[in-house]
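Quick note: the sequence shown uses my numbering, first residue 48, plus one each step.
All C-beta atoms in this analysis are idealised placements derived from N, C-alpha and C, irrespective of residue type, glycine included.
Report on the structure given below.
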Amino acid sequence: MANRNLYRIEMLLLKILEEGDCYGYQLTQSIQKRSNGQIKIAEGTMYPILYKLLDQKFISDYKELVGKRQTRVYYHLEAAGKEHLSKLTEDYYQMIDAIQSILGPRE
48 MANRNLYRIE MLLLKILEEG DCYGYQLTQS IQKRSNGQIK IAEGTMYPIL YKLLDQKFIS
108 DYKELVGKRQ TRVYYHLEAA GKEHLSKLTE DYYQMIDAIQ SILGPRE
């Protein structure tokens, strides 16, 4: 089950990056805000996923100087990442449909 949760986090990170380049803190805050506080991703969970996505060439990164000394690492969604996001999203919706078939309508 933990593996499925990592794929869901991966899907959410890729979805946010589909909308524009972000740095790590921005990603966590965007997901938390857009989920109305229901989804909080710890940096210790997020960065290994981002590094894996970098290794797989689904995303790329670049550094930008902020102020005089601080550097931010921004993440960018690559074409292969868009395809991967599409597959993850389709798999997710198939799973949701299957679960709804079992549970039936909401009462």
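CA-to-CA distance, residue j to residue i, given in whole angstroms
{"i": "L112", "j": "V120", "result": "9 Å"}
{"i": "H131", "j": "Q117", "result": "32 Å"}
{"i": "Y122", "j": "G71", "result": "8 Å"}
{"i": "D138", "j": "L74", "result": "22 Å"}
{"i": "G151", "j": "K80", "result": "30 Å"}
{"i": "L64", "j": "S148", "result": "31 Å"}
{"i": "R153", "j": "K110", "result": "47 Å"}
{"i": "L53", "j": "A127", "result": "19 Å"}
{"i": "G91", "j": "C69", "result": "17 Å"}
{"i": "I106", "j": "I78", "result": "18 Å"}
{"i": "A89", "j": "G67", "result": "21 Å"}
{"i": "G84", "j": "P95", "result": "22 Å"}
{"i": "L97", "j": "E57", "result": "8 Å"}
{"i": "K62", "j": "Q141", "result": "18 Å"}
Where residue i falls, given that 16 or more other Cβ within 10 Å makes a residue buried
{"i": "I143", "result": "exposed"}
{"i": "G114", "result": "exposed"}
Cut-off 6 Å between Cβ atoms - residues of its own chain near residue i, not counting five sequence neighbours on either side
{"i": "L59", "result": "I78"}
Contact set for residue i: own chain, Cβ-Cβ below 8 Å, skip 5 residues either direction
{"i": "L135", "result": "Y54, E57, M58, L61"}
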